[in-house]
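Working notes for the structure below.
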Amino acid sequence: QTDQYILGIETSCDETAAAIVKNGREIVANVVASQIESHKRFGGVVPEIASRHHVEQLTIVFEEAMKQAELSFEDISAIAVTEGPGLVGALLTGINAAKALAFSHSIPLVGVHHIAGHIYANRLIKELEFPLLALVVSGGHTELVYMKEHGNFKVIGETLDDAAGEAYDKVARTIGLPYPGGPHIDRLAHEGQATIDLPRAWLSEGSFDFSFSGLKSAVINTLHNAKQKGIELDPKDVAASFQASVVDVLVTKTTQAVEKYKVKQLLLAGGVAANKGLRAALEKEFSQKDEVELIIPPLSLCTDNAAMIAAAGSILFDKGMRSDLALNANPGLEL
Ligand code: KG4
Ligand code: ZN
Numbered sequence: 003q004t005d006q007y008i009l010g011i012e013t014s015c016d017e018t019a020a021a022i023v024k025n026g027r028e029i030v031a032n033v034v035a036s037q038i039e040s041h042k043r044f045g046g047v048v049p050e051i052a053s054r055h056h057v058e059q060l061t062i063v064f065e066e067a068m069k070q071a072e073l074s075f076e077d078i079s080a081i082a083v084t085e086g087p088g089l090v091g092a093l094l095t096g097i098n099a100a101k102a103l104a105f106s107h108s109i110p111l112v113g114v115h116h117i118a119g120h121i122y123a124n125r126l127i128k129e130l131e132f133p134l135l136a137l138v139v140s141g142g143h144t145e146l147v148y149m150k151e152h153g154n155f156k157v158i159g160e161t162l163d164d165a166a167g168e169a170y171d172k173v174a175r176t177i178g179l180p181y182p183g184g185p186h187i188d189r190l191a192h193e194g195q196a197t198i199d200l201p202r203a204w205l206s207e208g209s210f211d212f213s214f215s216g217l218k219s220a221v222i223n224t225l226h227n228a229k230q231k232g233i234e235l236d237p238k239d240v241a242a243s244f245q246a247s248v249v250d251v252l253v254t255k256t257t258q259a260v261e262k263y264k265v266k267q268l269l270l271a272g273g274v275a276a277n278k279g280l281r282a283a284l285e286k287e288f289s290q291k292d293e294v295e296l297i298i299p300p301l302s303l304c305t306d307n308a309a310m311i312a313a314a315g316s317i318l319f320d321k322g323m324r325s326d327l328a329l330n331a332n333p334g335l336e337l
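The sequence shown begins at 3 in UniProt numbering and counts up by one.
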């Protein structure tokens, strides 16, 4: 058998996902069951509800993936599963399912870092060229990651407080938008004007770290002060001003890092990569630059999915990495 088929399983947060990727780059099945509707009324992900939904959905999602791919267990080279970071109970549901399948069918098991998955979503679009830089922006992470070769991740900058997506969700809640707020703010931002002056956390000279909690507080204070003065701020302008600040900092720091590290590719990864303002600003900045290639995955591969876990798992499997049946969830796993 020459073709490699990796079954990916992802349950770190509120999407139950299974996918099959051929030879590390070709999606042959990609199934995602979203739980967003169940968490919406609580304004965020409720861990216990997430775990219960994963348990209910895992078999369905996995069987659908096998059906889509028209494969049987003999064809599967390895099972790649997210081992962290994420919600511990949610991670455990996927890990236990992966272990049971690996054990009963004697298939190798590979634990995958969730952020490595987000980065490797890009390899489902284009072959990676090193050195490269990845801007990872999700609900739990905001990081600039430098890679000099496959499977080698160096975090050169990260958020000191809130992740970009977290800031989006908190600001959205403040202006009365439903969870998850990122897409709603994005939509409003395009209808408004960035007329409100909001801070940008550049931090120390040359730092690639980020901070978004000050910006979030500034939005809350601005709304509060306006209300006290009896001024009605248009939520569209609030959204546009907030988004302008986030995008400005992300794009400026990323551009500086691309120049400093002289990378061949810039990859965008994570749920916030779905942001239209961010995508447009990066395209504007990098489309004219021949020395660096910008890769932005389609929306379905930016938010949580299992194809990205299978893609990252493929590289780890090729490198000889194997997990045993003692594999455990690691909510704080380092990249
Ligand atoms: O990567 P992801 O699906 O899950 C995590 O691993 O965190 O990211 C989810 C985050 C949420 O905070 C959501 O609000 C944000 O991505 N998001 C967006 C957009 N679409 C999703 N943020 C800004 N603009 C968007 N269009
Ligand atoms: Zn994610």
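Glycine included, every Cβ here is placed at the ideal spot set by N, Cα and C.
request  = Please list, in chain order, all residues with a C-beta atom less than 5 Å from at least one heavy atom of ligand 2.
outcome  = Ser-140 and Asp-306
inquiry  = Taking 8 Å as the cut-off, does the region 159–168 touch the region 197–215 (at least 3 CB pairs, one atom from each stretch)?
reply    = They touch, by the three-pair rule.
inquiry  = If I follow the unbroken beta strand (DSSP E) through Glu-234, where does it start and stop?
reply    = Position 232 of the sequence shown, counted from the first residue, corresponds to residue 234. No beta strand (DSSP E) contains Glu-234, which DSSP labels as neither H nor E.
query = Does the region 237–250 touch the region 97–107, meaning 3 or more C-beta pairs lie closer than 8 Å?
reply = no
request  = Buried or exposed for Lys-24, please, with buried defined as at least 16 other CB atoms from any protein chain shown within 10 angstroms of its CB.
outcome  = The sequence position of residue 24 within the sequence shown is 22, counting from 1. The residue in question, Lys-24, is buried, as its Cβ has 16 or more Cβ neighbours within 10 Å.
task = Take every Cβ of the region 279–294, pair it with every Cβ of the region 222–240, and state whether three or more of those distances are shorter than 8 Å.
result = no
key: Among Asp-320, Gly-216 and Asn-330, the one whose alpha carbon lies nearest that of Arg-202   = Residue mapping note: residue 202 aligns to position 200 of the sequence shown, counting from 1. The shortest C-alpha separation from Arg-202 is found at Gly-216.
inquiry  = Considering just the uninterrupted stretch of the alpha helix (DSSP H) at Asn-98, what are its terminal residues?
reply    = Translated into the one-based positions of the sequence shown, residue 98 becomes position 96. Looking at the DSSP string, the run of the alpha helix (DSSP H) that includes Asn-98 is 90–107.
Secondary structure of Leu-301, DSSP reduced to three states = Translated into the one-based positions of the sequence shown, residue 301 becomes position 299. Looking at Leu-301 - three-state DSSP - the assignment turns out to be helix.
ask   = Does any heavy atom of ligand 1 sit closer than 8 Å to the C-beta of Leu-280?
value = Here residue 280 refers to the residue found at position 278 of the sequence shown. Leu-280 Cβ: within cutoff of ligand 1.
query = By a C-beta neighbour count over all protein chains shown, 10 Å radius and 16 as the cutoff for buried, is Ala-241 buried or exposed?
reply = Taking the first residue of the sequence shown as 1, we reach residue 241 at position 239. Classification for Ala-241: buried.
query = Closest by CA to Ile-29, which one among Ala-259, Ile-198 and Ala-71?
reply = The sequence position of residue 29 within the sequence shown is 27, counting from 1. It is Ala-71.
inquiry  = On the CB-based measure, 16 or more other CB atoms within 10 Å of its CB, does Asn-307 come out buried or exposed?
reply    = Here residue 307 refers to the residue found at position 305 of the sequence shown. Asn-307 is buried by the Cβ-count criterion.
message = Are there any heavy atoms of ligand 1 lying less than 8 Å away from the beta-carbon of Asp-188, as far as the coordinates show?
response = Along the sequence shown, read from residue 1 onward, the residue named residue 188 stands at position 186. Answer for Asp-188: yes, Cβ within range of ligand 1.
inquiry  = If distances are taken between C-alpha atoms only, which option among Val-221, Val-33, Ser-14 and Glu-336 comes closest to Asn-98?
reply    = For the purposes of this step, residue 98 is taken as the residue at position 96 of the sequence shown. The candidate whose alpha carbon is nearest that of Asn-98 is Ser-14.
request  = Would you list the one or two residues that DSSP bridges to Met-149?
outcome  = Along the sequence shown, one-based indexing puts residue 149 at 147. Bridge partners of Met-149 according to DSSP: Leu-134.
request  = Quick one: residues in its chain with C-beta nearer than 6 Å to the C-beta of His-152, no 5 flanking neighbours on either side, listed in chain order?
outcome  = Here the question's residue 152 lines up with position 150 in the sequence shown. The residues are Ile-317.
key: Distance, Pro-110 Cα to Arg-189 Cα   = For this step, residue 189 is matched to residue 187 along the sequence shown. For this step, residue 110 is matched to residue 108 along the sequence shown. Distance between the alpha carbons of Arg-189 and Pro-110 is about 43 Å.
query = Is the Cβ-Cβ distance between Gln-267 and Leu-296 less than 9 Å?
reply = Stepping through the sequence shown from its first residue, residue 267 is reached at position 265. Stepping through the sequence shown from its first residue, residue 296 is reached at position 294. Yes; because the gap between Cβ atoms is below 9 Å, this pair is in contact.
ask   = Out of curiosity, what's the CA-to-CA distance linking Asp-77 and Glu-85?
value = Counted from its first residue, the sequence shown places residue 77 at position 75. Counted from its first residue, the sequence shown places residue 85 at position 83. Asp-77 and Glu-85: Cα-Cα distance of roughly 23 Å.
query = Roughly how many whole angstroms lie between the Cα atoms of Ala-118 and Ala-100?
reply = Along the sequence shown, read from residue 1 onward, the residue named residue 118 stands at position 116. Along the sequence shown, read from residue 1 onward, the residue named residue 100 stands at position 98. Distance between the alpha carbons of Ala-118 and Ala-100: 18 Å.
task = For Leu-277, verify whether its CB is less than 8 Å away from any heavy atom of ligand 1.
result = Position 275 of the sequence shown, counting from 1, holds the residue named residue 277. A small fix is needed here, since residue 277 is Asn in this sequence, not Leu. For Asn-277, the CB falls within less than 8 Å of some heavy atom of ligand 1.
inquiry  = Using a Cβ-Cβ cutoff of less than 8 Å, which residues in the same chain neighbour Met-149 once the five nearest sequence positions on both sides are dropped?
reply    = Here residue 149 refers to the residue found at position 147 of the sequence shown. So the qualifying residues of the chain are Ile-121, Leu-130, Phe-132, Pro-133, Leu-134, Leu-135, Ala-136, Phe-155 and Lys-156.
request  = Can you check the region 246–327 for any beta strand (DSSP E) of at least 3 residues that lies completely inside it and give the ranges in chain order?
outcome  = 267–271 and 295–297
request  = Identify the continuous beta strand (DSSP E) that holds Thr-61 and give its terminal residues.
outcome  = For this step, residue 61 is matched to residue 59 along the sequence shown. Premise fails: Thr-61 lies in the alpha helix (DSSP H), 49–71, not in any beta strand (DSSP E).
task = Measure the CB-CB distance between Ala-82 and Gly-10 and report whether it falls below 9 Å.
result = Counting from 1 along the sequence shown, the entry for residue 82 is found at position 80. Counting from 1 along the sequence shown, the entry for residue 10 is found at position 8. Yes, Cβ-Cβ distance for Ala-82 and Gly-10 is below 9 Å.
query = When every heavy atom of ligand 1 is checked, does at least one fall within less than 8 Å of the C-beta of Glu-285?
reply = Translated into the one-based positions of the sequence shown, residue 285 becomes position 283. False, no ligand heavy atom lies under 8 Å from that Cβ.
Limits of the alpha helix (DSSP H) - the one that Gly-142 falls within = The residue you call residue 142 lines up with position 140 of the sequence shown. Taken as a continuous stretch (DSSP letters only), Gly-142 belongs to no alpha helix (DSSP H), as it is neither H nor E.
task = Just tell me which of Tyr-263, Asp-171 and Ala-67 has its CA closest to the CA of Val-139.
result = Taking the sequence shown and counting its residues from 1, the one referred to as residue 139 is at position 137. Of the listed residues, the one whose Cα sits closest to Val-139 is Asp-171.
inquiry  = Excluding the 5 residues flanking Met-323 on each side, which residues of the same chain have their C-beta closer than 7 Å to its C-beta?
reply    = Taking the sequence shown and counting its residues from 1, one reaches residue 323 at position 321. When the five nearest sequence neighbours on each side are left out, the beta carbons in the same chain lying within less than 7 Å of the beta carbon of Met-323 are those of Val-112, in order along the chain.
inquiry  = Run through the DSSP bridge pairs and tell me what Phe-212 is partnered with.
reply    = Position 210 of the sequence shown, counting from 1, holds the residue named residue 212. Answer by DSSP bridge pairing, in chain order: Thr-161.
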